[in-house]
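Trainee:
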Amino acid sequence: MPEQKVIAPMVGKIVKVNVKPGDKVKKNDPMIVFESMKIEMKVVAPADGTVKEVLVQPEQTIEADTVLAVIE
Amino acid sequence: MSEFLSELFQKVGLTHLGWQNPVMWLIAAFFLYLGIKKKVEPLLLVPIGFTVLIVNLPLTDLTVAGGLFDYFYVYGLENDIIPPLIFLGLGAMTDFGPLIANPKTLLLGGAAQVGVYIAFFGALLFGYTIPEACSIGIIGGADGPTTVFTTMALAPHLLKFTAIAAYSYIALVPIIQPPIMKLLTTKKERAIVMKQLRPVSSAEKIFFPIMTAMVICLLVPAAAPLVSMFMLGNLFKESRVVERLTNVSQNELMNVVTIFLGIAVGSTMVGEKFLQSEVIKIYGLGLFAFVCGTASGIIFAKIMNLFVKNKINPLIGSAGVSAVPMAARVSQKLGQEADPQNFLLMHAMGPNVAGVIGTLIAAGIFIALAT
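Note that the protein sequences, when read in sequence, are chains A and B.
Per the numbering used here, the very first residue in the first sequence carries number 1308; after that it's consecutive.
Per the numbering used here, the very first residue in the second sequence carries number 15; after that it's consecutive.
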């Protein structure tokens, strides 16, 4: 199965990372919690797979389109 | 001696209590409870709640001419100082990027003002005068400082009702809007994922407040006090050369003015004047206005979808009422409920900030026509 990137939908700040490399995720599982304009939102898995890499950590600020994690 | 005692007795507040006093204490307690325990708009409800309590203790004389709270009211509200200063702070916090990236959303901000006009005609039917009806209608824009500004210009005796109604509905956005939004949209529409917004250059962001201020002041001069301060605050932010002024506008100055606003608005709520059937009528009309604004924003978004190639999620239409950013948050929440991959927050900020501008213009038109 090809790699799939988990992408930040907008600018914000990472609040919590729920997954680590090796974790299995299902489509729409919450992976990363981030905050933008004082509202917390969840970035969910775009597809079923295994987490290959997590590229962000809590407190980190992110831009739109930042790659947050990679699953395969 | 007995004369002296009876005179002293007359000067004790306790002997002057009427039925209105305990009722107003309950209202004050309710505001304080909401603010402190429920964290609903605490920055406003804590000062307002406490002030309502104090001004409803007899003989305190804080609200008569020359009383302490009267100065806050006269200098801050009668002289139109507080609402424009709040707009300065709002401007320094607002990002017009989403609106510049997708100018179509300006129309949604306009569509949601329909509620304002519907409530205006509703208030006329209820027998209010034109200036009064304008002040009541503007509640539908769900914009606190604009409501205060309009009411002070047209019908200052209604301030105690309209200001509280406007701020109540802003606080209730997450409760009032979702049922209307769900009623008017299908799950499929709510799940529409919108194309990501293009990046906006800093030059565009600098020109926007300058051009907008010019255009609106030329067209609707009565809105100039609010729009000029709003856009000045935004220019501070986007120019990126006066960070100190940006910070003071959105933090210290905003906080100071918020205290003055809370006291000035709270001090108008004296029991004998506040507890009238008017309260219920104005609250009802305000709610009706707000519901109509939410609905017309959504319906207009659906109409736009008949013509545009990149479909708009109708949930962002309701963000055209100006409660920033609460209304945009509601759009985000319902969008993600329908599809977890769906992020509408930034898209909803377009109509949301456009709604502020729309309400400003509506207020300017009202003031120009009714005075």
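Heads up, the beta-carbon is just placed ideally off N, CA and C, and yes, glycines get one too.
Whose C-beta lies closer than 7 Å to the C-beta of B:Tyr142 among residues of the same chain, with five residues either side of it excluded?
Mentor: Ile150
Trainee: Count the CB pairs spanning the stretch 354-365 of chain B and the stretch 317-333 of chain B that are closer than 8 Å, and state whether there are at least three.
Mentor: yes
Trainee: Below 7 Å CB to CB, which residues in the same chain sit around B:Leu104 once its five sequence neighbours on both sides are set aside?
Mentor: Phe244, Gly247
Trainee: Any idea what DSSP makes of B:Ala79, helix, strand or coil?
Mentor: coil
Trainee: Name, going along the chain, the residues of the stretch 1343-1362 of chain A whose beta-carbon falls closer than 8 Å to a beta-carbon of chain B.
Mentor: Ser1343, Met1344, Lys1345, Ile1346, Met1348, Lys1349, Val1351, Pro1353
Trainee: Between which residues of its own chain and A:Asp1355 is the CB-CB distance below 6 Å, once the five residues before and five after are set aside?
Mentor: In the same chain as A:Asp1355, and ignoring 5 residues on each side of it, the C-beta atoms closer than 6 Å to its own belong to Lys1333, Lys1334, in chain order.
Trainee: Note down, in chain order, every chain B residue with its Cβ under 9 Å from the Cβ of A:Ala1371.
Mentor: Gln210, Leu211, Pro213, Met360
Trainee: Does the Cβ of A:Asp1372 have 16 or more other Cβ atoms within 10 Å, making it buried, or fewer, making it exposed?
Mentor: Taking all protein chains in view, the Cβ of A:Asp1372 is surrounded by fewer than 16 other Cβ atoms within 10 Å, so the residue is classified as exposed.
Trainee: Here's the rule I'm using: 16 or more other beta-carbon atoms within 10 Å means buried, otherwise exposed. How should B:Ile206 be labelled?
Mentor: buried
Trainee: Using a threshold of 8 Å, state whether the C-beta atoms of A:Ile1378 and A:Gln1311 are closer than that.
Mentor: yes
Trainee: Return the chain-ordered ranges of every alpha helix (DSSP H) run that is complete within the stretch 352-385 of chain B and spans a minimum of 4 residues.
Mentor: 359-384
Trainee: Just to make sure I have the definition right: I need the residues of chain B whose C-beta is within less than 8 Å of the C-beta of A:Asn1416. Which are they?
Mentor: Because chain A spans 1308 through 1379 in this model, residue 1416 of chain A falls outside it and cannot be assessed.
Trainee: If we cut at 8 Å on Cβ distances, does B:Pro339 have a partner in chain A?
Mentor: Chain A contact via Cβ: present.
Trainee: If you follow the beta strand (DSSP E) that B:Phe101 is part of, which residue opens it and which one closes it?
Mentor: Per DSSP, B:Phe101 belongs to no beta strand (DSSP E); it is in the alpha helix (DSSP H), 96-107.
Trainee: Starting from the beta carbon of B:Arg204, find every residue of chain A whose beta carbon is closer than 8 Å, and list them in chain order.
Mentor: Those within 8 Å of B:Arg204 in chain A number zero; the least Cβ separation is about 16 Å.
Trainee: If the cut is a Cβ gap below 8 Å, which residues of chain A does B:Gln346 touch?
Mentor: Ile1346, Met1348
Trainee: From B:Ala382 to B:Gly369, what distance separates their C-alpha atoms?
Mentor: 20 Å
Trainee: Quick check on B:Val26: does DSSP put it in helix, strand or coil?
Mentor: Under the three-state reduction of DSSP, B:Val26 is assigned to coil, being neither helix nor strand.
Trainee: Within the continuous beta strand (DSSP E) that includes A:Lys1359, where are the two ends?
Mentor: According to the DSSP assignment, A:Lys1359 belongs to the beta strand (DSSP E) that extends over 1356-1361.
Trainee: Counting contacts by CB-CB distance shorter than 8 Å, is A:Pro1365 in contact with chain B?
Mentor: no
Trainee: Is any beta-carbon of chain A found at less than 8 Å from that of B:Arg254?
Mentor: no
Trainee: Does the beta-carbon distance from B:Ile190 to B:Phe304 come in below 8 Å?
Mentor: yes
Trainee: At 4 residues or longer, what runs of the alpha helix (DSSP H) sit wholly inside the stretch 241-267 of chain B?
Mentor: Secondary structure in the stretch 241-267 of chain B: the alpha helix (DSSP H) runs of 4 residues or longer, each lying completely within the stretch, are 257-262 in chain order.
Trainee: Can you give me the start and stop residues for the beta strand (DSSP E) that B:Pro72 sits inside?
Mentor: No beta strand (DSSP E) contains B:Pro72, which DSSP labels as neither H nor E.
Trainee: From A:Pro1328 to A:Val1318, what distance separates their C-alpha atoms?
Mentor: 24 Å
Trainee: Classify B:Ile50: buried if its beta carbon has 16 or more other beta carbons within 10 angstroms, exposed otherwise.
Mentor: Exposed.
Trainee: Measure how close the beta-carbons of B:Ile100 and B:Met268 come, nearest whole angstrom, since I'm counting them as under 8 Å.
Mentor: 7 Å
Trainee: Report the neighbours of B:Gln350 on chain A: residues whose CB is nearer than 8 Å to its CB, in chain order.
Mentor: Met1348, Lys1349
Trainee: Buried or exposed, going by whether 16 or more other CB atoms sit within 10 Å of the CB of B:Asn265?
Mentor: Flag for B:Asn265 reads exposed.
Trainee: Determine the burial state of B:Tyr183: buried for a count of at least 16 other Cβ atoms within 10 Å of its Cβ, exposed for fewer.
Mentor: Counting Cβ neighbours within 10 Å, B:Tyr183 comes out buried, since at least 16 surround it.
Trainee: Do B:Glu218 and B:Ile114 have their CB atoms nearer than 8 Å?
Mentor: yes
Trainee: Mind listing the chain E neighbours of A:Pro1316? Cutoff is C-beta to C-beta under 7 Å, in chain order.
Mentor: Given the protein chain composition of this structure (A and B), no chain E is represented.
Trainee: Nearest CA to the CA of B:Val255: which residue from B:Ile220, B:Pro235, B:Ala237?
Mentor: Checked all of B:Ile220, B:Pro235, B:Ala237; the closest Cα to B:Val255 is B:Ile220.
Trainee: Taking CB distances under 8 Å as the criterion, tell me whether B:Arg343 reaches chain A.
Mentor: yes
Trainee: What does a CB cutoff of less than 6 Å around B:Asp353 pick up in its chain, not counting 5 residues either side in sequence?
Mentor: Ala205
Trainee: Taking 8 Å as the limit between beta carbons, can you name the residues of its chain near A:Lys1320, skipping five residues before and five after?
Mentor: Phe1341, Glu1342, Ser1343, Glu1366, Gln1367, Thr1368, Ile1369
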